[in-house]
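These notes concern the structure reproduced below.
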DNA sequence: GTCCCGATTCTA
DNA sequence: AGAATCGGGACT
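Residue numbers (this note's numbering): 443 to 620.
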């Protein structure tokens, strides 16, 4: 059960995204295995929030790798990313789905008893209790409370596709899942 | 200040 | 297919 070091995230985003599959995201007393992610890479990626430069919202994407970038969308949901690559270069991996592992009763309390507790970017934020106010900018490489853990699990096959829900940048196959 | 729309989810 | 719901960013 090793906690991922900052050096894990300080690498090319496509590599980090694929290697994040199977790892365990721990947020407080809840955790789940990451099984779907998407990469958003730099100001040259039209689907990336940094496509038009730095703003207040996307500020943490420009910061240290290994921190959470959580933003509010559609007036009612949050999405959570983990920042990648060197400080100053805006990139991150969107966590799109997890398989609940611990704290399932807590998740059920937040989401309602349900077979789809955390299989979506908005749903997993609710299940794990993440929001912009409490988690945007939180460092996953410093404490054990919020972190990413490798328990040795490796997906047997990694599939890829175009990213979901975007209007620009549809040509890039930067969604990974297993 | 105003306007448009979104890295979604749930219901029908 | 359509609604819910509101903050951010572009633009007047």
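Glycine is no exception: its CB is placed at the ideal position from the N, C-alpha and C atoms.
Asked	Found
Quick check on this structure: which residue in 564, 458, 461 has the alpha carbon closest to the alpha carbon of residue 516?	564
Leaving aside the five residues before and after residue 530 along the sequence, list all residues of the same chain whose C-beta is less than 8 angstroms from its C-beta, in chain order.	504
With DSSP as the reference, label residue 524 as helix, strand or coil.	strand
Determine the direct distance from the alpha carbon of residue 535 to that of residue 520, and round the result to whole angstroms.	14 angstroms
Would you list, in sequence order, the uninterrupted alpha helix (DSSP H) runs of no fewer than 4 residues that lie entirely inside the segment 516 to 580?	546 to 553, 563 to 570, 574 to 577
Report buried or exposed for residue 617, applying the criterion of at least 16 other Cβ atoms within 10 angstroms of its Cβ.	buried
Tell me, to the nearest whole angstrom, how far the beta carbon of residue 507 is from that of residue 448; I am working on the premise that it is less than 8 angstroms.	6 angstroms
So what does residue 622 bridge to, in DSSP terms?	Residue 622 is absent from the structure shown; the chain starts at 443 and stops at 620.
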